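Colleague: Below is the structure I would like to discuss, written out as structure tokens.
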Amino acid sequence: MSHSRVDVAERIDNEACPLTEVLERVAGKWSIGILVAAAQGPVRFTELERAIAGISRRMLTLNLRRLERDGLLVRTVYPTVPPKVEYTLTPMARELHASLSGLVGWAERHRADITTARAVYDAAPVDAGTAS
22 MSHSRVDVAE RIDNEACPLT EVLERVAGKW SIGILVAAAQ GPVRFTELER AIAGISRRML
82 TLNLRRLERD GLLVRTVYPT VPPKVEYTLT PMARELHASL SGLVGWAERH RADITTARAV
142 YDAAPVDAGT AS
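The number in the numbering used here is simply the position in the sequence shown, starting from 1, with 21 added.
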């Protein structure tokens with residue numbers, strides 16, 4: 022293998038890892054829910070907790086920190102007693118929200134179709150000649 026082919030392969034590998042990490046982060050179950058819930062404006066922790074079915078306080082906290090670290094959320098703490106904390110989408114997250122809205126809309130429109138397809142698939146006889 023030539024030296025230039027190795028360099029190109031290494032560059033692709035180096036670029037693919039961060040891209041995969043970014044996609045895994047923003048496409049995660051909880052991340053999508055948080056970004057969609059926070060899109061309507063500043064939102065408090067308890068509002069997010071109520072809006073996202075099934076998320077634990079710990080998982081919400083971890084995901085909020087990750088999204089803030091990734092530059093998708095801004096956390097604002099107000100000096101009140103008790104402290105008031107709000108989360109707001111960044112411009113980058115607003116751009117992402119447009120894509121997520123399309124994905125969420127697609128999932129809502131097709132979830133019954135997918136449920137039906139699964140039932141048909143599960144009810145079909147297993148073909149002995151087909152590899153699993």
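All C-beta atoms, glycine included, are put in the ideal place defined by N, C-alpha and C. Every value quoted in this text rests on a predicted model; they were computed, and no experiment measured them.
What residue does the beta strand (DSSP E) around V102 start on, and which one ends it?
Modeller: Segment: none, V102 is in no beta strand (DSSP E) and carries neither H nor E.
Colleague: Flag this pair as yes or no: are the beta carbons of A114 and L56 separated by less than 8 Å?
Modeller: Closer than 8 Å, so yes.
Colleague: If we require 4 or more residues per run, which alpha helix (DSSP H) segments fall completely within the segment 31 to 110?
Modeller: For the segment 31 to 110, whole alpha helix (DSSP H) runs of length 4 or above, ordered along the chain, are 50 to 59, 66 to 72 and 78 to 90.
Colleague: Which complete beta strand (DSSP E) runs does the segment 106 to 139 hold, if anything under 3 residues is left out?
Modeller: Those beta strand (DSSP E) runs which fall completely within the segment 106 to 139 and span 3+ residues do not exist here.
Colleague: Would you say A48 reaches chain B, if we count a Cβ-Cβ gap shorter than 8 Å as a contact?
Modeller: No chain B appears in the structure shown, which is made up of a single protein chain.
Colleague: Quick check: I76 and G49, are their CB atoms within less than 8 Å of each other?
Modeller: No, these two residues do not count as a Cβ contact at 8 Å.
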